[in-house]
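What follows is a set of notes on a single structure, which appears directly below.
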Amino acid sequence: MKAKGWADYWTRRAKAEGWRSRAVFKLAELDRRDRLFRRGGRVVDLGAAPGGWSQYAARKVLPGGRVVAVDIEPLEPIAGVHALQGDVTREAVLEQVRDALGGSADAVISDLAPRLGGNRDFDQARSMELAALALDAALALLRPQGAFVTKLFQGAGFEEFVAEARRRLAKARLRTPAASRRASRETYLTGRA
Ligand SMILES: C[S@@+](CC[C@H](N)C(=O)[O-])C[C@H]1O[C@@H](n2cnc3c(N)ncnc32)[C@H](O)[C@@H]1O
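For the sequence shown, our numbering assigns the number 261 to the initial residue and increments by one for each residue that follows.
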């Protein structure tokens, strides 16, 4: 199947199953492999809009759990998800996330991606900054052995980030879900605090 046909398959399937985004199938695969969530758990979703990952996380942790979702864009309400609108590079926004969580996190998941500006080097640098921010936020918010996921793009800074994540996390591995576009440089790092 051509790359475009493959992408369309996930988009069509997301629509048919009531998910906000095709990205949900990436998270579902990471969860199947690394068991990211538990019923009653607290989850932080960084870069959550339009909301597929938050829908999935809510389904896994509710009832009894909590999902705090944050994005610079507005997020249409999702039952059981506490949505915050703000820029995660601002310390005050991360403080709001911490307050809304009400305790340490069992999982911090980040699908943060900058709006692409066309300059590949600049876009790559911004992607790596967002991944570094997600790692810092995760280590500040997670309980010991809490789960971490971040989106990464292969390119400048990638190897250094992975080495740093391996140093700072108890466990870290790279995973490329089937629903990631075949031609893209996208991959995910999953790990444990
Ligand atoms: C690939 S999308 C996330 C898709 C989401 N996981 C889903 O399942 O619907 C990346 C998101 O990161 C958000 N984002 C990028 N930079 C951000 C920032 N500095 N603060 C908050 N959100 C940001 C974008 O607005 C965008 O909605």
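C-beta: ideal position from N, C-alpha, C; glycine also.
Asked	Found
For the beta strand (DSSP E) that contains residue 397, what are its first and last residues?	Residue 397 -> not in any beta strand (DSSP E); alpha helix (DSSP H) instead, spanning 380–401.
Distance check for residue 423 and residue 310, CA to CA, integer angstroms please.	31 angstroms
Tell me whether the beta-carbon of residue 284 lies closer than 8 angstroms to the beta-carbon of residue 301.	no
Can you grab the Cα-Cα spacing for the pair residue 439 / residue 348, in whole Å?	26 angstroms
On the premise that residue 325 lies in contact with residue 303, defined as a C-beta separation below 8 angstroms, what is that separation, rounded to the nearest angstrom?	7 angstroms
Looking at C-beta atoms only, is the number of pairs between the stretch 410–427 and the stretch 372–391 that lie closer than 8 angstroms three or more?	yes
Comparing alpha-carbon positions, which option in 437, 354, 421 lies nearest residue 388?	421
Residue 296 and residue 367 look like a contact to me (Cβ under 8 angstroms); what is the Cβ gap, rounded to whole Å?	5 angstroms
Could you pull out every residue in the same chain whose Cβ sits closer than 6 angstroms to the Cβ of residue 261, ignoring the five residues on either side in sequence?	Bear in mind that a pLDDT of 48 at residue 261, under 50, signals an unreliable position, so the number given afterwards is only what the model happens to contain. Same-chain partners within the cutoff: there are none.
Whose C-alpha, out of 272, 275, 312, 308, is nearest the C-alpha of residue 288?	312
Would you report the Cα separation of residue 448 and residue 442, rounded to the nearest angstrom?	14 angstroms
Answer with buried or exposed for residue 396, where buried requires no fewer than 16 other C-beta atoms within 10 angstroms of its C-beta.	exposed
Below 7 angstroms CB to CB, which residues in the same chain sit around residue 446 once its five sequence neighbours on both sides are set aside?	411, 413, 440
In the DSSP assignment, find the unbroken beta strand (DSSP E) run with residue 433 in it and report its ends.	431–435
Per DSSP, what are the beta-bridge partners of residue 412 in this structure?	447
Shortest alpha-carbon distance to residue 353 belongs to which of 272, 394, 428?	394
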